[in-house]
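>
Number of protein chains: 2
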Amino acid sequence: MALAYDGAIQRLIDAFNKLPGIGPKGAQRIAFHLLSADEQEAADLADAITEVKAKVRFCDVCGNVCESSPCPVCADPRRDHTVICVVEEPKDVMSIERTREYRGLYHVLGGAINPMANVGPSDLNIAKLLDRLKTDEVKEIILALDPNIEGEATTTYLSRLLSPLGIKVTRLASGLPVGSDLEYADEITLGRALAGRREA
Amino acid sequence: MALAYDGAIQRLIDAFNKLPGIGPKGAQRIAFHLLSADEQEAADLADAITEVKAKVRFCDVCGNVCESSPCPVCADPRRDHTVICVVEEPKDVMSIERTREYRGLYHVLGGAINPMANVGPSDLNIAKLLDRLKTDEVKEIILALDPNIEGEATTTYLSRLLSPLGIKVTRLASGLPVGSDLEYADEITLGRALAGRREA
């Protein structure tokens, strides 16, 4: 019996289905959306995919994704070059930028220490961080890793590695998320919030 | 202050964010997935998008999407050309094909009657359906529209339009979904299931 979908549609559905967070139904919905969308929208999407692979590279200084190395953050003289915020992934840089509370530099590790997945310190972008500490006028390192087992392990590792260098090493505060309910906080978060209490 | 994302990445996130079912977080996740994916996967996706817009058209007979007109279903002599199943969208054709219970032809309306969205019978692919009834050897029309207000209105409209032509007009059964719980069925569905009860 003939298939109801012809080749090109099925190939498009399959291609979208491979992306994270998109299942078969979502992929089908997107494929039909693109089919009925105007030529320009589809062309823009295809071009954006091709362009990002052609243009985007990693910053030689901080390891963030960028089009030119050093990246705009590392190259910006208005930013505070005495503070480096260490994060796991490029998207974490964007999360911190969105707070509009931070004016320093970044360093992207490209992951966290995870023995289960065979990711050790040597697989992370740590050597370049040590290089930066030699040449830069860095006064503080903020460890902003994910608050999970892998992030904690990486925080502990980096803290032990960096503290002897005489640079201030800090980490993000643990506590209750703003807008949440104390009743629904887990014990560990509530325990950390208590331990980290401050003058009101 | 410099942006953390360079132009190409932001353009890719924006392009994905426009697709149905993909929010800003999902778009960002997909963009970074593509950044770290191998060249081939990204190229395949971009090509699939370009290809589908270049190749896919609507079948002149049934209105389904296809690469050649008439589509493989309309052109297949092994299918039952005496039955036409009328659906709203091309994706509904695939849903019915997946049951492997249907061997007839299809007719895709391209939507349903919806006065709130200014969609009337003249905006749907109904004229071509009437043409097919003149020339084809059709004995039965199955109305397989969505079981919502717009689908019901379209079913009623088509039923009144087609019945005088002396062709058998049927519609999909309403009732309890298989695998569901009687306790959680809404009153209308349960009422339909009662009204449509059959010999066990």
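For the protein sequence lines, the chains are A and B, in the order given.
The first sequence begins at 1 in full-length UniProt numbering and counts up by one.
The second sequence begins at 1 in full-length UniProt numbering and counts up by one.
Note that CB positions come from ideal geometry on N, CA and C, so glycine has one too.
Remember, predicted model here, so these are calculated numbers, not experimental data.
Using a cut-off of 7 Å between C-beta atoms, extract the partners of residue 82 (chain A) located in chain D.
In the displayed structure, chain D is absent; the protein chains listed are A and B.
> Looking at the C-beta of residue 132 (chain B), does it have a partner C-beta in chain A at a distance below 8 Å?
The sequence position of residue 132 (chain B) within the second sequence is 132, counting from 1. Closer than 8 Å: no.
> Across which residues does DSSP place residue 106 (chain A) in a beta bridge pair?
Position 106 of the first sequence, counted from the first residue, corresponds to residue 106 (chain A). DSSP lists A:85 as partners of residue 106 (chain A).
> Which first and last residues belong to the beta strand (DSSP E) in which residue 172 (chain A) is found?
The sequence position of residue 172 (chain A) within the first sequence is 172, counting from 1. No beta strand (DSSP E) holds residue 172 (chain A); DSSP gives it neither H nor E.
> Run through chain A and tell me which residues come within less than 8 Å of residue 164 (chain B), C-beta to C-beta.
As a first step, residue 164 (chain B) must be located in the second sequence, where it is residue number 164. None at all; the shortest Cβ gap to chain A is about 31 Å.
> Closest to residue 85 (chain A) by CA distance: which of A:199, A:174, A:168, A:200 is it?
For the purposes of this step, residue 85 (chain A) is identified with residue 85 of the first sequence, where counting begins at 1. Nearest option by C-alpha distance: A:168.
> Using a Cβ cut-off of 8 Å, pull out every chain B residue sitting near residue 146 (chain A), in sequence order please.
For this step, residue 146 (chain A) is matched to residue 146 along the first sequence. The contacting residues do not exist; residue 146 (chain A) stays about 15 Å from chain B at best.
> Cβ of residue 201 (chain B) less than 8 Å from any chain A Cβ?
Missing from the structure shown is residue 201 (chain B); chain B here goes from 1 to 200 and no further.
> Kindly identify the DSSP beta-bridge partner or partners of residue 57 (chain A).
Position 57 of the first sequence, counted from the first residue, corresponds to residue 57 (chain A). Beta-bridge pairing links residue 57 (chain A) to A:66.
> For my contact list, residue 30 (chain A) and residue 56 (chain B) are in at a C-beta cut-off of 8 Å; report their separation, rounded to the angstrom.
As a first step, residue 30 (chain A) must be located in the first sequence, where it is residue number 30. As a first step, residue 56 (chain B) must be located in the second sequence, where it is residue number 56. Actually they are not in contact, since the Cβ atoms of residue 30 (chain A) and residue 56 (chain B) sit about 14 Å apart, beyond 8 Å.
> Pick out whichever of B:78, B:46, B:99, B:187 has its Cα sitting closest to the Cα of residue 34 (chain A).
As a working mapping, residue 34 (chain A) is identified with position 34 in the first sequence. If we check each option's Cα against that of residue 34 (chain A), B:46 comes out closest.
> Rounded to whole angstroms, what's the CA-CA distance from residue 104 (chain A) to residue 186 (chain A)? Just pull it up for me.
Numbered from 1 along the first sequence, position 104 holds the residue referred to as residue 104 (chain A). Numbered from 1 along the first sequence, position 186 holds the residue referred to as residue 186 (chain A). Residue 104 (chain A) and residue 186 (chain A): Cα-Cα distance of roughly 32 Å.
> What is the DSSP secondary structure of residue 152 (chain B), reduced to helix, strand or coil?
Stepping through the second sequence from its first residue, residue 152 (chain B) is reached at position 152. Here residue 152 (chain B) sits in helix by DSSP.
> Taking Cβ-Cβ distances shorter than 7 Å, what residues in chain B pair up with residue 121 (chain A)?
Locating residue 121 (chain A) in the first sequence gives position 121, counting from the first residue. Residues of chain B passing the Cβ test: none, with the nearest at roughly 20 Å.
> Give me the Cα-Cα distance between residue 198 (chain B) and residue 40 (chain A), rounded to the nearest whole angstrom.
The sequence position of residue 198 (chain B) within the second sequence is 198, counting from 1. The sequence position of residue 40 (chain A) within the first sequence is 40, counting from 1. Their backbone Cα atoms lie some 52 Å apart in a straight line.
> Does DSSP classify residue 15 (chain A) as helix, strand or coil?
Within the first sequence, the letter at position 15 stands for residue 15 (chain A). Residue state, collapsed to three classes: helix.
> Look up residue 39 (chain B) in the DSSP assignment and say whether it is helix, strand or coil.
Sequence index remark: in the second sequence, residue 39 (chain B) carries index 39 (1-based). Note: residue 39 (chain B) maps to helix in three-state DSSP.
> Less than 8 Å separating the beta-carbons of residue 179 (chain B) and residue 196 (chain B)?
The count along the second sequence starts at 1 and reaches residue 179 (chain B) at position 179. The count along the second sequence starts at 1 and reaches residue 196 (chain B) at position 196. No, they are not a contact pair.
> Can you give me the C-alpha to C-alpha distance between residue 102 (chain A) and residue 122 (chain A), rounded to a whole angstrom?
Translated into positions along the first sequence, residue 102 (chain A) becomes position 102. Translated into positions along the first sequence, residue 122 (chain A) becomes position 122. One C-alpha to the other measures close to 28 Å.
> Pick helix, strand or coil for residue 45 (chain B), following the three-state DSSP scheme.
As a first step, residue 45 (chain B) must be located in the second sequence, where it is residue number 45. Of the three classes helix, strand and coil, the one that applies to residue 45 (chain B) here is helix, per DSSP.
> Using a Cβ cut-off of 8 Å, pull out every chain A residue sitting near residue 56 (chain B), in sequence order please.
Position 56 of the second sequence, counted from the first residue, corresponds to residue 56 (chain B). The contacting residues are 6, 8, 9, 35.
> Could you spell out where the beta strand (DSSP E) holding residue 142 (chain B) opens and where it closes?
Residue numbering aside, residue 142 (chain B) sits at position 142 when the second sequence is read from its first letter. Where residue 142 (chain B) is concerned, the enclosing beta strand (DSSP E) stretches over 140 to 143.
> Note down, in chain order, each residue of its chain lying with its Cβ closer than 8 Å to the Cβ of residue 163 (chain A), except the 5 sequence neighbours on either side.
Here residue 163 (chain A) is taken as the residue at index 163 of the first sequence, counted from 1. Closer than 8 Å at the Cβ level, and outside the excluded window around residue 163 (chain A), lie 169.
> Looking at chain A, is there any beta carbon in it that lies within less than 8 Å of the beta carbon of residue 65 (chain B)?
For the purposes of this step, residue 65 (chain B) is taken as residue 65 along the second sequence, with counting starting at 1. With its beta carbon less than 8 Å from one in chain A, residue 65 (chain B) belongs to the interface.
> Taking the alpha carbon of residue 89 (chain B) as the reference point, which residue from B:200, B:190, B:82, B:113 has its own alpha carbon closest?
Here residue 89 (chain B) is taken as the residue at index 89 of the second sequence, counted from 1. Restricting attention to B:200, B:190, B:82, B:113, the CA atom closest to the CA of residue 89 (chain B) is found in B:113.
> Counting only beta-carbon separations shorter than 8 Å, does residue 26 (chain A) have a partner in chain B?
Locating residue 26 (chain A) in the first sequence gives position 26, counting from the first residue. Interface residue, yes.
> What residue range does the alpha helix (DSSP H) around residue 94 (chain A) cover?
Reading the first sequence from its first residue, position 94 is the one you call residue 94 (chain A). Residue 94 (chain A) -> alpha helix (DSSP H) spans 90 to 99.
> Determine the direct distance from the alpha carbon of residue 157 (chain B) to that of residue 67 (chain B), and round the result to whole angstroms.
What you label residue 67 (chain B) is simply residue 67 of the second sequence in a count that begins at 1. What you label residue 157 (chain B) is simply residue 157 of the second sequence in a count that begins at 1. Rounded to the nearest angstrom, the two C-alpha atoms are 31 Å apart.
> What is the DSSP secondary structure of residue 193 (chain B), reduced to helix, strand or coil?
Here residue 193 (chain B) is taken as the residue at index 193 of the second sequence, counted from 1. In this structure, residue 193 (chain B) counts as helix in the three-state DSSP scheme.
> Might you give, ordered along the chain, the residues of its own chain that have their beta carbon closer than 6 Å to the beta carbon of residue 144 (chain A), omitting 5 neighbours on each side?
For this step, residue 144 (chain A) is matched to residue 144 along the first sequence. Hits under 6 Å: 85, 87, 172.
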